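Since the structure comes first, as structure tokens, the remarks are kept for the end.
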Amino acid sequence: MTEQEMIQLKYSGELSTMTDYINVSVQAIGILIAGIIIWRLIIRYQNKKLNTRFKSDYFESSYSKHWRK
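When we follow our numbering, the leftmost residue of the sequence shown carries the number 890, and every step to the right adds one.
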């Protein structure tokens, strides 16, 4: 957008609605980015939680380890 178009929009009153649209779109993009960051943090937390779980040896036997041989 050129300077002349910006001046015309400002004096015609359309610039005020344009700034509102820009503010809403910036907020929407910010919310999307924040949501993606929170989503990735939750996935990282869940993966750490799954890695630290206690694994039981109850179902492990010599047969289950070597059943293909």
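No residue lacks a Cβ here, since even glycine has one placed at the ideal position from N, Cα and C.
Keep in mind that this is a model prediction, so the values were computed, not measured.
Locate the alpha helix (DSSP H) running through LYS899, then write down its first and last residues.
-> Residue 899 sits at position 10 when you count from the first residue of the sequence shown. From DSSP, the alpha helix (DSSP H) with LYS899 extends over 892-901.
Helix, strand or coil at ASP909 [DSSP, three-state] | The residue given as residue 909 occupies position 20 in the sequence shown. ASP909 falls in the helix class under three-state DSSP.
Give the straight-line distance between the Cα atoms of LEU898 and SER905, rounded to the nearest whole angstrom.
-> Here residue 898 is taken as the residue at index 9 of the sequence shown, counted from 1. Here residue 905 is taken as the residue at index 16 of the sequence shown, counted from 1. Whole-angstrom Cα-Cα distance: 9 Å.
Helix, strand or coil: how does DSSP classify SER951 here?
-> Here residue 951 refers to the residue found at position 62 when the sequence shown is read from its first residue. Looking at SER951 - three-state DSSP - the assignment turns out to be helix.
In the structure shown, what three-state DSSP assignment does LYS871 receive?
-> The displayed coordinates of the chain run from 890 to 958. Any statement about residue 871 would go beyond what the structure contains.
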